[in-house]
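Read the sequence shown against numbering that gives the first Met the number 0 and you will find it ends at 304, with the numbers running on by one and no gaps. Worksheet: one structure, shown below.
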Amino acid sequence: MDKLFKYIIAVLIVCTLIGIFIALNMPRPKLTFSDKMKLSQIIAECNTDLPREIGTIGYLDSVSFADETVTYAVSVKGDDRIMQVYSDNYDEFKDMLKYSFIEMNGQRNLGNTFAHSLETKGLNICFKISMENKKSMSWNITGKELSTFVDSCKLSPTTALKKVIDMQIKIANLKLPVSASDSPKATTVAINSIVGDVKDESCLLQSIKYEGNNLLFEYKVNEEGAKDIKRLKDREDDLGYMDALVQEVVQDKDVLEFIGMLAISHSNMVLVYRESKSNEQISIEMPYTILRNHCKVPQELLSIN
């Protein structure tokens with residue numbers, strides 16, 4: 000009887016130790032009840048301020064949370080060609096969404112704190128993008144992916160943001176207006192943000208392209224417009240004047256975001272004007288060293304050589 004009692008005690012001790020070991024090694028929910036309450040409150044407050052434009056992507060319509068995933072419902076103006084670009088460049092566009100998300104939550108630190116907190120809490124984000132014709136496409140991004148992208152921007156900004164800029168160019172080039180009458184048709188957010196409104200035919204944007212470290216905006220100008228550009232070209236070496244010119248350009252918040260990407264990736268903005276009759280070309284360069292003075296990107300990212 001005494002031996003049986005000892006065996007029972009031994010079994011209970013072993014079971015207790017096993018139970019403690021299992022309890023210590025069981026995966027614990029990263030989101031506490033308090034976390035979920037705070038997240039619900041944040042999402043509710045966010046939805047009261049929607050819809051609103053988010054950079055050059057589209058309009059954020061709603062935010063929701065389920066299954067450890069925060070879903071952002073975004074609407075984009077445009078036709079099926081934009082959806083085709085998304086489909087053909089699915090991974091590249093995913094990087095563009097990562098950048099837009101961390102920029103949106105950056106607080107001047109490129110979203111570093113926010114991205115890493117998502118990773119720590121085991122949260123994912125989902126972008127569901129819908130077109131006017133009701134077609135939609137989704138991108139799921141883990142907190143780990145997002146924080147890795149943030150880190151890559153710090154380590155090699157040129158490489159990390161090259162795909163993001165390339166995607167914006169592809170979208171913007173889809174439907175550039177070739178005449179003043181076409182300008183109302185340029186309905187995508189990307190085009191309206193980067194290109195701006197076309198007032199008349201004296202200066203029409205023909206294409207956007209990336210060459211080396213230069214982002215080129217190519218315009219067609221008439222004879223009178225070319226004269227104005229030549230006067231601007233004469234002051235290209237006046238850094239004070241160029242600084243003031245960039246300051247004027249960045250008044251548009253979306254252009255400001257775009258210039259931030261150029262500055263981080265050490266890319267220059269080059270305005271190329273071609274006179275329609277003579278085909279004479281005039282180029283004006285806005286170096287990233289000036290662009291970075293006017294963007295909202297943290298200085299530690301801009302100081303990378």
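Backbone N, C-alpha and C fix where the C-beta goes; we use that ideal spot for every residue, glycine too. Computed from a predicted model, the values in this text were never measured in an experiment.
**Asked** Does the beta carbon of M285 sit closer than 8 Å to a beta carbon anywhere in chain B?
**Response** This model lacks chain B altogether, as it is built from one protein chain only.
Worksheet entry | Simplified DSSP state of G224, which is helix, strand or coil | In the three-state scheme derived from DSSP, where H, G and I count as helix and E and B as strand, G224 is classed as helix.
Check your understanding: The alpha helix (DSSP H) with T288 in it runs from where to where?
Key -> Start and end: Y287 to L290.
Using 8 Å as the threshold, is the C-beta distance between S129 and S74 below it?
In this structure, S129 sits near S74, with a CB-CB distance shorter than 8 Å.
>> On the DSSP bridge list, what partners appear for V75?
In response: For V75, which the question treats as bridged, DSSP gives the partners M130.
Contact check, T70 vs C125, beta carbons under 8 Å:
T70 places its beta carbon less than 8 Å from that of C125.
Report task. Return the Cβ separation of I289 and D242 in integer angstroms, given the expectation that the two are a contact with Cβ distance under 8 Å. Result -> Going by Cβ atoms, the distance from I289 to D242 rounds to 6 Å, so yes, they are a contact pair.
| message | Judging by CA-CA distance, which residue of D94, L270, K35 and E284 is the nearest neighbour of K219? | response | It is L270.
Under DSSP, the alpha helix (DSSP H) around G239 begins and ends at which residues? That run of the alpha helix (DSSP H) goes L238 to V248.
Can you list, in chain order, the residues of its chain with a C-beta nearer than 7 Å to that of H293? Leave out the 5 residues immediately preceding and following it. V245, Q246, V249 and I258, listed in sequence order.
Return the Cβ separation of S264 and N213 in integer angstroms, given the expectation that the two are a contact with Cβ distance under 8 Å.
N213 and S264 do not touch by the CB rule: their CB atoms are close to 11 Å apart, not below 8 Å.
Taking buried to mean at least 16 other C-beta atoms within 10 Å of its own C-beta, is Y89 buried or exposed? Flag for Y89 reads exposed.
Using the rule of at least 16 other Cβ atoms within 10 Å of the residue's Cβ for burial, across every protein chain shown, is A225 buried or exposed? Label assigned to A225: buried.
query = What do you get for E131, buried or exposed, if any count of 16 or more other CB atoms within 10 angstroms of its CB means buried?
reply = Exposed, by the Cβ-count rule.
| C-alpha distance - C45 paired with V62, whole-angstrom precision | Whole-angstrom Cα-Cα distance: 7 Å.
Can you grab the Cα-Cα spacing for the pair R291 / A262, in whole Å? Taking the CA atoms as reference points, R291 sits about 5 Å from A262.
Review point. Is T141 helix, strand or coil by DSSP?
Key: DSSP places T141 in strand when its eight states are reduced to three.
Is G259 close to the ligand ADP? I mean its beta-carbon at under 7 Å from any heavy atom of the ligand.
Absence of the ligand ADP is noted for the structure shown, with no ligands found whatsoever.
message = Please return the same chain residues whose Cβ sits closer than 7 Å to the Cβ of P286, not counting the five positions on each side in sequence.
response = Cβ contact annotation for P286 (same chain, cutoff 7 Å, sequence separation greater than five): N267, in chain order.
- prompt: So A114 packs on V149, CB below 8 Å; how close in whole Å?
  reply: About 5 Å; that satisfies the 8 Å criterion.
The beta strand (DSSP E) that contains L270, what's its start and end? If you look at L270, you'll find it in the beta strand (DSSP E) that goes N267 to E274.
Note to self: Within a Cβ cutoff of 8 Å, which residues of the same chain sit near K120, ignoring the five residues on either side of it in sequence?
What the structure shows: So the qualifying residues of the chain are K29, L30, D34 and G142.
inquiry  = Threshold first: 3 residues or longer. Then list the beta strand (DSSP E) segments lying entirely within the segment 26–69, N to C.
reply    = Restricted to the segment 26–69, the beta strand (DSSP E) segments that are unbroken, complete and at least 3 residues in length are 51–53 and 57–65, listed in chain order.
Open item on the list: Does A43 pass the burial test, meaning 16 or more other C-beta atoms within 10 Å, or should it be called exposed?
Closed with: Exposed.
Note to self: I need the straight-line Cα distance from L122 to E144, nearest angstrom please.
What the structure shows: Roughly 11 Å between the two C-alpha positions.
Review point. In three-state DSSP terms, what is C152?
Key: Correct three-state label for C152: helix.
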